[in-house]
Structures are given as C-alpha cells and as structure tokens.
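Position 65 (the sequence shown) corresponds to 344 in the working numbering; numbering is contiguous.
Inspection log for the structure reproduced underneath, given as structure tokens.
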Amino acid sequence: MRTLIRTALLACLLATPAIAHDGIHVEDPYLLAAPAAKSAAAFMRIVNHSDQPDRLVSARSDVAEVVQTHTHTTTAEGVMQMRHVEEGFPVKGHAEHVLDRGGDHLMLMGLTRGLTPGETVTIELTFERGEVIEVEMPVTDKTPEGTTGGHHAH
Ligand SMILES: [Cu+2]
C-alpha cells in the first residue's frame, strides 16, 4: 500500500513540470448554444507546445450528459452531416488543431440545464499522453467576429 502511494506521488511530481513547460494549451474557446437547445457545440484552438504528437481522446462537462468529438462530412448527395470521431482529434508536435464552424468540434449532448449567453461553462479535456485540462468556455449564441461562417459559407 505504501509503495502504491509513493508511486502515485512520484508520478505527480514528474508530471507537473511537463504541464508547466511544454504541454497542451487551449486558445479562443467558446461554446455556441441556441436558447433552450438540448445540445451545444464547443470551438477552440488546441496548441501543442511539446515536440511529441498528442491527441484529444475525450471530454466531459457538468452541464452535459456526454461530450463527443464530432466533425462534419458531406454525403454523396451533398447533405452535410455530423458524425462522432471515435479516434479523437490528433495534434502533432509543435502544431495546433483548430475546432471551427463547419469542421471539427466538441458536441455537448443532453444538456442538463439551459445555457445563457455570457455565462462560463467548464469543459475537461483528456489527452492521450495523460494531460487533463479544464477549459473555461464563454457561452454565446452567435458566431464571434472574425471566425468563418462554417457550413453556411459554401
Ligand atoms: Cu456535432
């Protein structure tokens, strides 16, 4: 038992400098939620400051039953559909993976309460190499200035 605790403590001490110096950073996060919607989409830039490739493998939030990694695909008939990306979102070393309108995003499904524009919601992101990051997501019901219009822009 004592060995177990010591091992956990050591892992903790070893993990901390990696997070502080060269881990994953999230920039420009926002959560798009229509009033009274049952789901909401989260967008951000995931920046990897490490030279090791990583991957966003899962996400969770207190305000949703599940949070899935999603993307949009266009069928042969030209219909745009969302699908669950089971393998998550890869982020190469010293690179970024952008979640943006009309492309990859996080889907908060089964919202446990209504979300109000202006409030902040916490989403926890888990990465393949072991980092867990809490992101404060401002809620909006519009696309922020400067981002592309997504799937209405083709
Ligand atoms: Cu979706």
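Cβ coordinates follow ideal geometry from the N, Cα and C atoms, glycine included.
- For ligand 1, the residues with a Cβ under 6 Å from any of its heavy atoms are, in chain order, Ala320, His349, Met361, His384, Met386.
- With three or more CB-CB distances shorter than 8 Å, the segment 301-308 counts as touching the segment 319-334.
- In the displayed model, aspartate 307 falls within a strand according to three-state DSSP.
- Considering only His373, His376, Val336, the residue with the shortest C-alpha distance to arginine 408 is Val336.
- Under the three-state reduction of DSSP, aspartate 301 is assigned to helix.
- Valine 342 counts as buried, since at least 16 other C-beta atoms from the protein chains shown sit within 10 angstroms of its C-beta.
- In the DSSP secondary-structure assignment, histidine 363 is bridged to His349.
- With a cut-off of 8 Å on Cβ pairs, the segment 343-351 is in contact with the segment 374-390, counting three or more such pairs.
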